[in-house]
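Chemist: Sharing a structure, written as C-alpha cells. Questions coming.
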Amino acid sequence: MIIDDATRPRSPKRDTAGLSPRQREIGNRLVLIHDHLRQELARIGDAVEQVAQGRAEAAEVRSLINDLTMRQNYWTLGSFCASYCRVLTAHHSIEDAHMFPGLVAAEASLAPVIRRLEEEHEVIAEVLAGLDRALVAMVSDPSGLDEVRRQVAALTEALLSHLAYEEEELVEPLSRLELDV
277 MIIDDATRPR SPKRDTAGLS PRQREIGNRL VLIHDHLRQE LARIGDAVEQ
327 VAQGRAEAAE VRSLINDLTM RQNYWTLGSF CASYCRVLTA HHSIEDAHMF
377 PGLVAAEASL APVIRRLEEE HEVIAEVLAG LDRALVAMVS DPSGLDEVRR
427 QVAALTEALL SHLAYEEEEL VEPLSRLELD V
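Residues in the sequence shown are numbered consecutively from 277, following the working numbering.
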C-alpha cells in the first residue's frame with residue numbers, strides 16, 4: 277500500500293445541515309474536479325489494456341503494419357498519460373499554493389490534514405514519475421508493458437485513496453468557510 281489510510285489525521289466533523297445551497301456548491305466543485313480526474317484515470321487504464329491487446333486506439337493507426345501500429349499506440353498512450361500527468365500536477369500545485377494555505381489561515385485545526393495532503397501530493401508525483409519512466413522505456417521495448425500496468429495500478433490506488441480522503445476532509449470546511457475552489 278502506497279498511502280496508509282490508518283495514519284491519516286482527521287479533522288473534527290461538523291453538522292452540514294445549516295449550509296446553504298451556495299455553500300454546498302462550493303465544496304461540491306472539488307468533487308466535480310476530482311470526478312474528472314477519476315474519469316481520465318479510468319481512460320488511462322483502458323488505453324493500457326488496448327495497447328496490451330494489440331488494438332489500435334484510433335483510426336489513424338489502422339493502416340500501419342503491426343509493429344508500427346504497436347509503436348504508434350505506445351506513443352499515443354505516452355502522450356495521453358503525459359497530458360494527464362500535467363493536469364494532475366497542475367491541480368495539486370494549485371491546491372498547494374492557493375487552496376491549502378487559505379484553509380489553514382481560516383481554520384488552523386486543518387493544518388495536520390493539509391500537511392498530510394501535501395505529503396500525498398509528493399507521493400503521487402513520485403508515482404507519476406515512475407509511470408513516465410515506464411512509458412518512455414516501453415516505446416523502445418514493448419516488454420515494458422507490464423511495468424506500465426504496475427505503475428498505472430499504483431497510480432490508481434494512490435490517487436483514488438487520496439481524492440477520497442481530500443473530499444472527506446475538505447468539502448465541508450470549503451463549503452462552510454465559503455472558500456472557492
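C-beta atoms are modelled at their ideal positions from N, C-alpha and C, and glycine is treated no differently.
Note that the coordinates shown come from a computational prediction; the quantities given were computed from them, not determined experimentally.
Hey, how far is the Cα of Leu455 from the Cα of His368?
Modeler: Along the sequence shown, read from residue 1 onward, the residue named residue 455 stands at position 179. Along the sequence shown, read from residue 1 onward, the residue named residue 368 stands at position 92. If you take the alpha carbons of Leu455 and His368, they lie about 17 angstroms apart.
Chemist: For a quick check, are the C-beta atoms of Ala413 and Gly420 less than 8 angstroms apart?
Modeler: As a position in the sequence shown, residue 413 is number 137, starting the count at 1. As a position in the sequence shown, residue 420 is number 144, starting the count at 1. Yes, these two residues count as a Cβ contact at 8 angstroms.
Chemist: Does the separation of the CB atoms of Val399 and Ile279 fall below 8 angstroms?
Modeler: The residue given as residue 399 occupies position 123 in the sequence shown. The residue given as residue 279 occupies position 3 in the sequence shown. Taking 8 angstroms as the Cβ cut-off, Val399 and Ile279 qualify as a contacting pair.
Chemist: Alpha carbon to alpha carbon, what distance is there between Asp372 and Pro449?
Modeler: Residue 449 sits at position 173 when you count from the first residue of the sequence shown. Residue 372 sits at position 96 when you count from the first residue of the sequence shown. So the two alpha carbons sit approximately 16 angstroms from each other.
Chemist: Using the three-state DSSP reduction, which class does Ala405 fall into: helix, strand or coil?
Modeler: Indexing the sequence shown from 1 puts residue 405 at position 129. Reduced to three states, the DSSP call for Ala405 is helix.
Chemist: Under a three-way DSSP split, which group does Pro288 fall into?
Modeler: Walking along the sequence shown from the start, residue 288 turns up at place 12. Residue state, collapsed to three classes: coil.
Chemist: Let's test the definition: count the other Cβ atoms within 10 Å of the Cβ of Gly294 and tell me whether it reaches 16, buried, or not, exposed.
Modeler: Within the sequence shown, residue 294 is the residue found at index 18, counting from 1. Burial call: exposed.
Chemist: What's the gap between the Cα of Ser385 and the Cα of Pro288?
Modeler: For the purposes of this step, residue 385 is taken as the residue at position 109 of the sequence shown. For the purposes of this step, residue 288 is taken as the residue at position 12 of the sequence shown. Roughly 9 angstroms separates the two Cα atoms.
Chemist: Among Glu325, His438, Gln326, Ser451, which one has its Cα closest to the Cα of Leu379?
Modeler: If you number the sequence shown from 1, residue 379 lands on position 103. Selected option, being the one with the closest Cα: Ser451.
Chemist: Just to confirm the assignment, what range does the alpha helix (DSSP H) spanning Leu313 have?
Modeler: On the sequence shown, residue 313 is found 37 positions in, with the first residue counted as 1. Start and end: 297 to 328.
Chemist: Please state if the CB of Asp422 and the CB of Cys361 are separated by a distance shorter than 8 angstroms.
Modeler: Here residue 361 refers to the residue found at position 85 of the sequence shown. Here residue 422 refers to the residue found at position 146 of the sequence shown. No, the pair does not count as a contact, with Cβ atoms beyond the cut-off.
Chemist: Label Glu442 either buried or exposed according to how many other C-beta atoms from any shown protein chain fall within 10 Å of its C-beta, with 16 as the threshold for buried.
Modeler: The residue given as residue 442 occupies position 166 in the sequence shown. Glu442 comes out buried.
Chemist: Can you have a look at Leu308 and say buried or exposed, based on whether 16 or more other CB atoms are within 10 angstroms of its CB?
Modeler: In the sequence shown, residue 308 corresponds to position 32, counting from 1. Its Cβ having fewer than 16 others within 10 Å, Leu308 is exposed.
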